[in-house]
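If you're matching positions, the first sequence starts at -7 in my numbering and goes up one per residue. Report on one structure; see the data block that follows.
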Amino acid sequence: VNVSSQVIAAMETQLSNGPTCNNTSNGPSTITNNCSSPVESGSVEDSKTNLIVNYLPQNMTQEELKSLFGSIGEIESCKLVRDKITGQSLGYGFVNYVDPKDAEKAINTLNGLRLQTKTIKVSYARPSSASIRDANLYVSGLPKTMTQKELEQLFSQYGRIITSRILVDQVTGVSRGVGFIRFDRRVEAEEAIKGLNCQKPPGATEPITVKFANNPSQKTSQALLSQLYQSPNRRYPGPLAQQAQRFRLDNLLNMAYGVKSRFSPMAIDGVTSLAGINIPGHAGTGWCIFVYNLAPDADESILWQMFGPFGAVTNVKVIRDFNTNKCKGFGFVTMTNYDEAAVAIASLNGYRLGDRVLQVSFKTNKTHKA
DNA sequence: TAAAATT
């Protein structure tokens, strides 16, 4: 954990060297879910093993989720929640451990971990119930000077707030005067609408609007479909238009599913692997990266933390001595996309981890070398 | 005036 925090701190420095600090952070409030309520405390539903994971990258699969959290301890079950129609990730999921201690360790280790443009949130799942659904409010007309803390103070009189957020201009960082409040229970949200909609917050000159937030899941699939359907070249496809259309389709698929196809460097493999040419690092299911000079106590989570921010990571492995179970000084990381793997290697090769300088490269197939 | 929080 000590080494892990060093990596996270270093990655923060590495990744925040542009003006994208505001758009890359999710900015959710860090209010802790305390899932024990007087009524449900001690019941089987009040689980100390079941976690909800929020703000997952769009292209993260259930297998990647399981692999990431499986690096902490044995998982009883794992589910990435997807759109029922399109199958797209809704950006959150559940991980249920066998051992409550592993669930606690996962919160301590993985909450706040940066993966690509997201900062994931790991917390105990509340017992599933209709009373906690549709408890999210959309608030507009807020004074631009109002802080997240002040927003929470205004709404907290109506119930327990799970998350709060004020949207800000991506360039200036100034409040856009709109935000979200998620209550623990729907009845609390209903009372907040009654009490605060069309009311002026203390010191404000204009009344605010408070209503139930829309469900964001429908819009994405519709936007993708209409974007495809309304493409100008769609009605009269000649060869060029078809190619352009294909390019847009690839981009859409890439945005929606993280899929790369023939316009990406992955396509090189489709030709060269047929010709029997070995490509360094490519193992068929992704790009395998060799990481050398890891400490004896290195574990899988450190590899996730180092490589996850660069893109889709499907697997990590620390090679250990059979008898001592200590890391033998190296490990492997598999990344889906060539370009993300290349950036990760360029960024992490020569990286100083504690008192060690890492060597990072595509894995070479030594058995085929002379 | 809109970001993926209950399987």
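Virtual Cβ for every residue (Gly too), placed ideally from N, Cα, C.
For aspartate 38, the closest of Tyr116, Thr328 and Phe299 by C-alpha to C-alpha distance is Tyr116. The DSSP-derived three-state label of threonine 101 is helix.
Between phenylalanine 172 and leucine 134, the gap from beta carbon to beta carbon reaches 9 Å or more. Per DSSP, glutamate 66 lies in no beta strand (DSSP E) segment and is marked neither H nor E. Residue nearest to serine 81 within the set Pro49, Val114 and Pro92 is Pro49 (criterion: CA-CA distance). According to the DSSP assignment, glycine 187 belongs to the alpha helix (DSSP H) that extends over 178 to 188.
Linking glutamine 297 to glycine 104 through their CA atoms gives a straight-line distance of about 11 Å. Boundaries of the beta strand (DSSP E) harbouring lysine 309: 305 to 312, taken from the DSSP string. When the five nearest sequence neighbours on each side are left out, the beta carbons in the same chain lying within less than 8 Å of the beta carbon of threonine 139 are those of Ile158, in order along the chain.
Cβ contact annotation for aspartate 176 (same chain, cutoff 8 Å, sequence separation greater than five): Arg118, Ile124, Ala127, Gly151, Arg152, Ile153 and Ile154, in chain order.
Under a 10 Å Cβ-count criterion, phenylalanine 314 is classified as exposed, with fewer than 16 other Cβ atoms of the shown protein chains found around its own Cβ. Between aspartate 75 and the set Phe61, Thr53 and Gly62, the nearest pair of CA atoms involves Thr53. For lysine 113, the beta-bridge partners assigned by DSSP are Asn46. With 16 or more other CB atoms across the displayed protein chains lying within 10 angstroms of its CB, cysteine 280 is buried. Around the beta carbon of glutamate 198, fewer than 16 other beta carbons lie within 10 angstroms, which makes this residue exposed.
Residue pairing from DSSP places methionine 327 in a beta bridge opposite Trp279 and Val305.
The beta-carbon separation of threonine 41 and valine 90, rounded to 7 Å, stays under the 8 Å limit for a contact. In this structure, aspartate 331 places its C-beta atom within 9 Å of the C-beta atom of glycine 303. Arginine 344 counts as exposed, since fewer than 16 other C-beta atoms from the protein chains shown sit within 10 angstroms of its C-beta. Distance from the CA of valine 310 to the CA of cysteine 319, rounded to the nearest whole angstrom, comes to 6 Å. Look at the segment 145 to 178 and you find no whole run of alpha helix (DSSP H) that is 4 residues long or longer. Distance from the CA atom of lysine 58 to the CA atom of glutamate 142, rounded to whole angstroms, is 37 Å. Phenylalanine 324 is a Cβ neighbour of asparagine 307, given a cutoff of 9 Å. The closest CA to that of leucine 72, considering only Ser132, Ile44 and Glu292, is found on Ile44. Here cysteine 70 is buried. Its C-beta has 16 or more other C-beta atoms within 10 Å. The straight-line gap separating the alpha-carbon atoms of isoleucine 99 and phenylalanine 204 is approximately 29 Å.
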